[in-house]
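Protein chains in written order, with my numbering: chain A, 3 to 516; chain B, 3 to 516.
To keep things clear, I will list the structure first and then write my remarks on it.
Here you go:
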């Protein structure tokens, strides 16, 4: 039957007479969403009367934010003339305790009309997406509104809409402009634990002479993001000025993107996508490309691992994903290569920031114990990037990459980057609590479940505890004897550690077959 | 392109070694969602490490609930060995301060796999919907998960799925069984302020001798629900035993459904639908029919107002809605009649619990000032219900209804119901703060905007403040002179009142044309 979606325009008082309260910082952190605490007897606005629409507009220090109210029944915490401001709202609003804050029932942002239109099957325009991205970046939507948008888009989004969303997300944040004709980057769509090839590819490519100013993310649901692992080796929380200084000196950097504010709307979408475990091709394309375009890249190699427990599970999915990536990249002036790689099992041995950083350095230092799979993958990716150099012929990139690794150039470049970025604030030792997960039978490793392995590493404390994680002793296909250690769990907090040990006891994620 | 939706199975420790904390009631109310406050240094589980999946499982007093964590940085509020429990979680869990509570990272409920399947376009089965309704009723989903489900269903739901969801929602709550062969009810799909015909229809129909045990809802986004208005006249928070006593005595009741726990999953869906302002035919059918079936009705008259600012705006929408209602009603053994009514403007004069109750009583008491539109509509609806009586011929119902109103039987029945339900806990006077909204030009009332009028009444404080609301002096088509009062705003809290006055000043919702 036809779908009827009904919109309800809210009625809002004029700005002139909103209620005035005194700001009070609260020692709470609501993690992402804007929340205010109001006394049940609040003098400006009775929170009990907002039950239906449940949003208030908060004005202070020249800013105007939307928030979800909670009710406080203790005047010692929040009095009737006060407004309790937990983090992150307190920080976002930028007021001090005691400052005047105005509050009024919120009119839903106009961008939500577009969400309702999308639910009803409409195709949205560039200006609709511009408004959506601006409101997302300004944290004007509640989590449930973000979820509604994501799912409405999951059902139907044209390639032109994906392009429009990508462009809107770029415009809603900062943008880095570089004076170099060629700015390269690589990105992996994720889902493979231990896959830290970026930290090897970047110094190789920079040693060749290409510019690779890499901004990366911290982990959201994985045991380590590129930024988390780099932080074991160097400072990563650089602002734009500090980042530019590193790139001028070294030709490359690997920093956390949080302080340069690239595609902030993407951060909001991801923070809801991940707990919902929903990841559509359209969101993936808009998310990745908006970040890369905002970072000023013009040549991108995209690593798409395929495997039974990876994000992309078959060749058909790769084909449609590649088409969409190519469409949006071409229209935004980004040169893009998609590289399909093996996503059947973790890459390298370590999983978790410290253990992954150890693997990265062992490859760069050409140690005997360096994981071959990590090295080979990095060489392959670096080779493709190097071929973007007009001076390098097709098919010559890998040999050049290998030469730069083997003659120590890549290691020296990495050391220069580390020095330029500054000393790591992180204790680089693996967690001192350990537990060996052993094979209960002899045979051959038949399969390693990426999701399960990542889950155990998360429970052990990674990436929040950088030394937590797993050290894998086997790869798929390897022979194994009963009693041998399949992997070692590292951690440092007994509370977290035992969650990981218990989870591995139920299902360790490594299947051994006779 | 093909849609790829990827599921991520979470890893969970075994139950044997979850972390133990001491319960601490907090004087906060998170309104609906389950929230816990954990110290950043919590001994059982570091909340900072949950950022990705953001859900914890809380076990205490034999119950096991899921909740979203917030972080507390003040050990005086929540210490490392404590778990802070705001309302409603504290109440739902049923522990006392100091009781042991176990906590562990939550495995997403299995029912969320169905949501992801639905997002991917799957048709779900009866057992999928059974699991979904059970988890909704047990508050196991976060708001963003509920939103994802609603929007995924908005895109595509077969009639069989709507039937399955309806049945699942009935099964997930309590169910009233009556010994009467015919149990009638009426329901309005809503959106028209002042439309309190149920309070007139019920005593008329009961005076005729039919059984009409009515459970109704409180307002969520409207200025008054049937339960809110009835509460001005009598107690409505009756449990099942008290309700049965009233029905045995009077043949009817009008109570709030909250204590008899009918279709609790519906309450959860509605609490997210409303702030999102999304209302699909499928959800409307499942919501209304699950409540009526659970309440034990077998004959329902459904009032569907059509109008430019009503929920249903044209005859095409009514047709598809009627088909879906009829399909699900027939398969669940419910006899259903759909009555299309005028939804172009508010019904009656009062808007808000006290003012609406005044209108209802003036109709039952046959006063000269009784609103004719409200009386006529109630007679029409009551007539159709009375015709469900095998003794009454088609076309005879309305005359019978009018006779029962005119001879005072309906009023006496209402008085008996009020006495049986118990004295109202509510101050029945209109709010003492008043403001007259006057016509700025002479002419004719061209249109009254139901949404705007409802919004102004909500801002004035209705229904939380029962005396707040509007008293309408004109109907569409009436002649009006500049300076005449279009409506009077009532309120009792200065803070709320001025929001309403300001909103009416911007756009009063009554359009006067020359």
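Glycine included, each C-beta is placed from N, C-alpha and C at the ideal position.
Taking buried to mean at least 16 other C-beta atoms within 10 Å of its own C-beta, is residue i buried or exposed?
i, result
"residue 204 of chain B", "buried"
"residue 65 of chain B", "exposed"
"residue 361 of chain B", "buried"
"residue 393 of chain B", "exposed"
"residue 206 of chain A", "buried"
"residue 316 of chain A", "exposed"
"residue 91 of chain A", "buried"
"residue 436 of chain A", "exposed"
"residue 518 of chain B", "Any answer about residue 518 of chain B is impossible in this case: the structure gives chain B only from 3 up to 516."
"residue 237 of chain A", "buried"
"residue 321 of chain A", "exposed"
"residue 503 of chain A", "buried"
"residue 335 of chain B", "exposed"
"residue 193 of chain A", "buried"
"residue 318 of chain A", "exposed"
"residue 481 of chain A", "exposed"
"residue 396 of chain B", "exposed"
"residue 408 of chain A", "exposed"
Go to residue i, then tell me how far its beta strand (DSSP E) extends in each direction, as first and last residue.
i, result
"residue 435 of chain A", "435-440"
"residue 493 of chain B", "487-493"
"residue 457 of chain B", "That residue, residue 457 of chain B, is in no beta strand (DSSP E); its alpha helix (DSSP H) goes 452-462."
"residue 339 of chain B", "337-344"
"residue 307 of chain A", "301-308"
"residue 105 of chain A", "102-107"
Using three-state DSSP, classify residue i as helix, strand or coil.
i, result
"residue 5 of chain B", "Residue placement at residue 5 of chain B is flagged as unreliable, the pLDDT there being 34, under the threshold of 50; a coordinate-derived value is accordingly withheld."
"residue 128 of chain B", "helix"
"residue 213 of chain A", "strand"
"residue 191 of chain A", "coil"
"residue 393 of chain B", "coil"
"residue 313 of chain A", "coil"
"residue 529 of chain B", "Residue 529 of chain B is absent from the model: chain B starts at 3 and stops at 516."
"residue 61 of chain A", "strand"
In chain B, which residues lie with their C-beta within 8 Å of the C-beta of residue i?
i, result
"residue 290 of chain A", "By Cβ distance, chain B contributes nothing, its closest Cβ being about 14 Å from residue 290 of chain A, past 8 Å."
"residue 584 of chain A", "Given a span of 3 to 516 for chain A in the structure shown, any question on residue 584 of chain A remains unanswerable."
"residue 274 of chain A", "146"
Which residues in chain B have a C-beta closer than 7 Å to the C-beta of residue i? List them in chain order.
i, result
"residue 333 of chain A", "Near residue 333 of chain A there are no residues of chain B at all, since even the closest Cβ is about 16 Å away, more than 7 Å."
"residue 327 of chain A", "Those within 7 Å of residue 327 of chain A in chain B number zero; the least Cβ separation is about 11 Å."
Tell me the residue span of the alpha helix (DSSP H) that contains residue i.
i, result
"residue 420 of chain B", "411-423"
"residue 406 of chain B", "399-408"
"residue 169 of chain B", "161-173"
"residue 210 of chain B", "200-210"
"residue 355 of chain B", "355-366"
"residue 475 of chain A", "Here residue 475 of chain A belongs to no alpha helix (DSSP H), and DSSP marks it neither H nor E."
"residue 376 of chain A", "374-388"
"residue 31 of chain B", "Not the alpha helix (DSSP H): residue 31 of chain B falls in the beta strand (DSSP E), residues 21-31."
"residue 283 of chain A", "283-296"
Taking residue i as the query, report the chain B residues whose CB atoms sit under 9 Å from its CB, ordered along the chain.
i, result
"residue 134 of chain A", "Under the 9 Å cutoff, chain B gives no residues; its nearest Cβ is about 15 Å from residue 134 of chain A."
Taking C-beta pairs closer than 9 Å, name the residues in chain A that residue i reaches, listed in chain order.
i, result
"residue 483 of chain B", "Simply none; closest approach about 26 Å."
"residue 360 of chain B", "The contacting residues do not exist; residue 360 of chain B stays about 21 Å from chain A at best."
"residue 39 of chain B", "30"
So which residues on chain A does residue i lean against when the C-beta distance must stay under 7 Å?
i, result
"residue 29 of chain B", "74, 75, 76 and 79"
"residue 495 of chain B", "48"
Q. Using 8 Å as the Cβ pair cut-off and three pairs as the minimum, do the stretch 223-234 of chain B and the stretch 193-201 of chain B touch?
A. The way I'd put it, the stretch 223-234 of chain B does touch the stretch 193-201 of chain B; three or more beta-carbon pairs between them come closer than 8 Å.
(Q) Quick check: the stretch 172-183 of chain A against the stretch 146-153 of chain A, are at least 3 beta-carbon pairs closer than 8 Å? (A) These segments do not touch.
Q: Would you check if there are 3 or more beta carbon pairs closer than 8 Å linking the stretch 302-314 of chain A to the stretch 345-354 of chain A?
A: Segments in contact, yes.
Q | contact_flag[the stretch 211-231 of chain B, the stretch 249-267 of chain B] where n(CB pairs < 8 Å) is 3 or more | A | Contact between the stretch 211-231 of chain B and the stretch 249-267 of chain B is present, because at least three Cβ pairs lie under 8 Å.
Q) Three or more C-beta pairs closer than 8 Å, one from the stretch 98-107 of chain B and one from the stretch 104-114 of chain A: is that the case here? A) Short answer: they don't touch.
**Q.** Three or more C-beta pairs below 8 Å linking the stretch 461-480 of chain B and the stretch 428-447 of chain B
**A.** Contact between the stretch 461-480 of chain B and the stretch 428-447 of chain B is present, because at least three Cβ pairs lie under 8 Å.
**Q.** Stretch-stretch touch, CB-based, cutoff 8 Å, three pairs: the stretch 22-39 of chain B with the stretch 72-82 of chain A
**A.** The stretch 22-39 of chain B is in contact with the stretch 72-82 of chain A.
(Q) When you compare the stretch 278-290 of chain A with the stretch 157-169 of chain A, are there three or more beta-carbon pairs, one atom per stretch, that lie closer than 8 Å? (A) The answer is yes - the stretch 157-169 of chain A touches the stretch 278-290 of chain A, with three or more Cβ pairs under 8 Å.
Q: Taking 8 Å as the threshold, find out whether the stretch 39-49 of chain A comes into contact with the stretch 488-505 of chain B through three or more Cβ pairs.
A: The count of Cβ pairs closer than 8 Å, one atom from the stretch 39-49 of chain A and one from the stretch 488-505 of chain B, reaches three, so the stretches are in contact.
Q) Is it a yes or a no for the stretch 289-304 of chain A touching the stretch 324-331 of chain A, going by three-plus beta-carbon pairs under 8 Å? A) Yes: at least three Cβ pairs fall under 8 Å.
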